Amino acid sequence: MQQLRKLALTWHCPRIRISVIANNTAALAFWQRENFVELHRKPAEGFTAGAIVMKWRHNEL
2 MQQLRKLALT
12 WHCPRIRISV
22 IANNTAALAF
32 WQRENFVELH
42 RKPAEGFTAG
52 AIVMKWRHNE
62 L
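Okay, here's the thing in structure tokens:
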């Protein structure tokens, strides 16, 4: 994860956004530990639960 953050910053991308399927609690817990926060939820076609859109922002750490 640290390497991904460094790469994003070298590309002048201060934010990273991801989506996690809401019923994937292990993945959700992982991204929360990595300081990603929830932005909103949306339907996820083909999945049994919706998607949680999350972000990490360099300036917020």
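Residue numbers for the sequence shown follow the numbering used here, so the first one is 2 and each next one is one higher. Idealized CB from N, CA, C, for every residue including glycine. In this text the structure is predicted, and so the values were computed from the model without any measurement.
Between the CA atoms of residue j and residue i - distance to the nearest angstrom
| i | j | result |
| --- | --- | --- |
| G47 | M55 | 20 Å |
| I17 | A50 | 22 Å |
| W32 | K43 | 17 Å |
| A23 | F37 | 14 Å |
| L29 | T11 | 26 Å |
| T26 | S20 | 13 Å |
Assigned secondary structure, residue i (DSSP; H/G/I helix, E/B strand, else coil)
| i | result |
| --- | --- |
| A52 | strand |
| H59 | helix |
Pair within 8 Å by beta-carbon distance, residue i and residue j
| i | j | result |
| --- | --- | --- |
| E39 | I53 | yes |
Residue-level contact to chain D via CB, residue i, 8 Å cutoff
| i | result |
| --- | --- |
| H13 | The question asks about chain D, but that chain is absent: this structure has only one protein chain. |
Any non-hydrogen atom of the ligand NAP within 7 Å of residue i CB
| i | result |
| --- | --- |
| A27 | In terms of ligand content, the structure shown is empty, and the ligand NAP therefore cannot be addressed. |
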